[in-house]
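I have placed the structure first, in the form of structure tokens, so that the comments after it can refer back to it.
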């Protein structure tokens, strides 16, 4: 009986180890809810939405250290939802609330620029996904009684963020 | 006109000329262009939500015939690709993510009253459950570009947490 129990325990341990799990962990706000995770293409930046003082705010963290990375523009435009990152985490695309409007914004963490993506009238963005190279974005919207996903070309707006791209201020050092 | 006034007017003209391009740049900032052909195809496929874009691949959840299913679109060919072994008529997909090669899809779905996280490998046409430790109820999932790590939102005892899971 004991042997079977130990075996089950070992197997369970091995299963857990082989999937290599870890929690993104608290970052100084106690047991705050954390939702909407997004990884940069290279996996070195994690974005998530953390509830602080009743407001949903995007949090950017270097991985695996958990160091919080600075953002310039999003402080006053809460709540946040549906963050999405490019390959090196240079671009952070996000849905923000500006008064009664929900808008799509992209912060360029290298230049500090903020890009606004206007949508056709009547369409409310629900979620988004930025391509890792920053060349396209997919936006899910609600409007006219229908949910739809539409793709937009961003090549005229953003420089590509490729694996050998520009270093990002505040980003982790390059891998050896 | 005095000499001083002339200089002032010239300086003002230079300042305006210098500022004009900046103003025009602001007004004429490039706008994102809708990918019209692709969007028409997506529109024709039915109501859709939950996009995940990576490389030349778009994964999303499409409603058709009263049922939600996962669709993977090859953006180069502008065509959906088959996902044999992924779909079950009794499963309800909640969130999907795709890697940059379109090979791995992470999926949160409801099946037989449970919510589970699974990983689909397209080259193997195989679905693998991803156990959550400690147990919890998954909701949204994201994948790293190379598909070697996923981030998943998990509810445990009334609190939402984010787990990072290395994919073997």
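Protein chains in written order, with this note's numbering: chain A, 1 to 176; chain B, 177 to 344. Beta carbons are placed, not taken as given, at the ideal position from N, Cα and C, and that holds for glycine. Bear in mind that the values here come from a model prediction, so they are computed numbers and not experimental data.
Next on the checklist: Closest to residue 62 of chain A by C-alpha separation, out of A:56, A:147, A:89, A:32, would be which residue?
Outcome noted: For the purposes of this step, residue 62 of chain A is taken as residue 62 along the first chain, with counting starting at 1. For the residues A:56, A:147, A:89, A:32, the minimum Cα distance to residue 62 of chain A belongs to A:89.
Next on the checklist: Beta-carbon within less than 6 Å of residue 84 of chain A's beta-carbon, same chain only, minus the 5 sequence neighbours each way: which residues are those?
Outcome noted: Reading the first chain from its first residue, position 84 is the one you call residue 84 of chain A. Here the set comprises 38, 93, 128, 129, 130.
Checklist entry - beta strand (DSSP E) containing residue 20 of chain A: first to last residue? => result Translated into the one-based positions of the first chain, residue 20 of chain A becomes position 20. Per DSSP, residue 20 of chain A belongs to no beta strand (DSSP E) and is neither H nor E.
Item to check | Whole-number beta carbon distance between residue 339 of chain B and residue 303 of chain B, since they are thought to touch under 8 Å | outcome: Working through the second chain from its first residue, we reach residue 303 of chain B at position 127. Working through the second chain from its first residue, we reach residue 339 of chain B at position 163. Not really, about 19 Å apart at Cβ, beyond 8 Å.
Next on the checklist: What would DSSP say about residue 216 of chain B, mapped onto helix, strand or coil?
Outcome noted: As a first step, residue 216 of chain B must be located in the second chain, where it is residue number 40. Correct three-state label for residue 216 of chain B: helix.
Item to check | Within chain B, partners of residue 126 of chain A - CB distance below 8 Å | outcome: Taking the first residue of the first chain as position 1, residue 126 of chain A is located at position 126. Those are 225, listed as they occur along chain B.
Checklist entry - Does the pairing of the stretch 104 to 121 of chain A with the stretch 133 to 145 of chain A give three or more beta-carbon distances under 8 Å? => result Contact holds: three or more Cβ-Cβ distances are below 8 Å.
Next on the checklist: Am I right that residue 230 of chain B and residue 132 of chain A are in contact with their C-beta atoms under 8 Å? What's the rounded C-beta distance?
Outcome noted: What you label residue 230 of chain B is simply residue 54 of the second chain in a count that begins at 1. What you label residue 132 of chain A is simply residue 132 of the first chain in a count that begins at 1. Under the criterion of beta carbons closer than 8 Å, residue 230 of chain B and residue 132 of chain A qualify as touching, at roughly 6 Å.
Item to check | residue 199 of chain B (DSSP reduced to helix, strand or coil) | outcome: Mapped onto the second chain, residue 199 of chain B falls at position 23. Annotation note: pLDDT 45 at residue 199 of chain B (below 50); position unreliable, no value reported.
Checklist entry - The beta strand (DSSP E) with residue 83 of chain A in it runs from where to where? => result Residue numbering aside, residue 83 of chain A sits at position 83 when the first chain is read from its first letter. For residue 83 of chain A, the enclosing beta strand (DSSP E) covers residues 80 to 85.
Next on the checklist: Let me make sure I understand the geometry here. Which of B:234, B:324, B:217, B:290 has the alpha-carbon closest to that of residue 247 of chain B?
Outcome noted: Within the second chain, the letter at position 71 stands for residue 247 of chain B. Closest option to residue 247 of chain B, Cα to Cα, is B:234.
Checklist entry - Given that residue 20 of chain A touches chain B, what residues does it touch there, using C-beta distances under 9 Å? => result Taking the first chain and counting its residues from 1, the one referred to as residue 20 of chain A is at position 20. Ordered by position in chain B, the residues that pass the 9 Å Cβ test against residue 20 of chain A are 325, 340, 341, 342, 343, 344.
Checklist entry - Excluding sequence positions up to five away, which residues of its chain have a Cβ less than 7 Å from the Cβ of residue 155 of chain A? => result Within the first chain, the letter at position 155 stands for residue 155 of chain A. Once the five neighbours on either side are set aside, the close Cβ partners of residue 155 of chain A are 135.
Item to check | the stretch 298 to 328 of chain B: positions lying closer than 9 Å to chain A by Cβ | outcome: Per Cβ criterion, the list reads 306, 307, 308, 309, 315, 316, 317, 318, 319, 320, 321, 322, 324, 325, 326, 327, 328.
Item to check | Status (buried if at least 16 other CB within 10 Å, exposed otherwise) for residue 329 of chain B | outcome: Position 153 of the second chain, counting from 1, holds the residue named residue 329 of chain B. With 16 or more Cβ atoms within 10 Å of its Cβ, residue 329 of chain B is classed as buried.
Next on the checklist: Rounded to the nearest angstrom, what separates residue 275 of chain B and residue 311 of chain B at their Cα positions?
Outcome noted: As a working mapping, residue 275 of chain B is identified with position 99 in the second chain. As a working mapping, residue 311 of chain B is identified with position 135 in the second chain. Between residue 275 of chain B and residue 311 of chain B, the C-alpha separation is close to 25 Å.
Checklist entry - Would DSSP call residue 244 of chain A helix, strand or coil? => result Residue 244 of chain A is absent from the model: chain A starts at 1 and stops at 176.
Next on the checklist: Let me see if you follow: with CB-CB separation under 7 Å, is residue 266 of chain B close to chain A or not?
Outcome noted: Within the second chain, the letter at position 90 stands for residue 266 of chain B. So no, residue 266 of chain B is outside the interface.
Item to check | Cβ shell of residue 313 of chain B (< 6 Å), same chain only, five flanking positions each side left out | outcome: As a position in the second chain, residue 313 of chain B is number 137, starting the count at 1. For residue 313 of chain B, where only same-chain residues beyond five positions count, the Cβ hits under 6 Å are 291, 331.
Checklist entry - What is the rounded straight-line gap between the Cα of residue 180 of chain A and the Cα of residue 277 of chain B? => result The shown model of chain A, from 1 to 176, leaves out residue 180 of chain A, and the question about it has no answer.
Checklist entry - At a Cβ threshold of 7 Å, is residue 228 of chain B touching chain A? => result Position 52 of the second chain, counting from 1, holds the residue named residue 228 of chain B. Yes, its Cβ sits closer than 7 Å to a Cβ of chain A.
Next on the checklist: Between residue 214 of chain B and residue 232 of chain B, how many whole angstroms is the CB-CB distance? I'm expecting something under 8 Å.
Outcome noted: Position 38 of the second chain holds residue 214 of chain B. Position 56 of the second chain holds residue 232 of chain B. A Cβ-Cβ separation of about 11 Å leaves residue 214 of chain B out of contact with residue 232 of chain B under the 8 Å criterion.
Next on the checklist: Please state whether the Cβ-Cβ distance between residue 208 of chain B and residue 114 of chain A is less than 7 Å.
Outcome noted: Residue 208 of chain B sits at position 32 when you count from the first residue of the second chain. Residue 114 of chain A sits at position 114 when you count from the first residue of the first chain. No, the pair does not count as a contact, with Cβ atoms beyond the cut-off.
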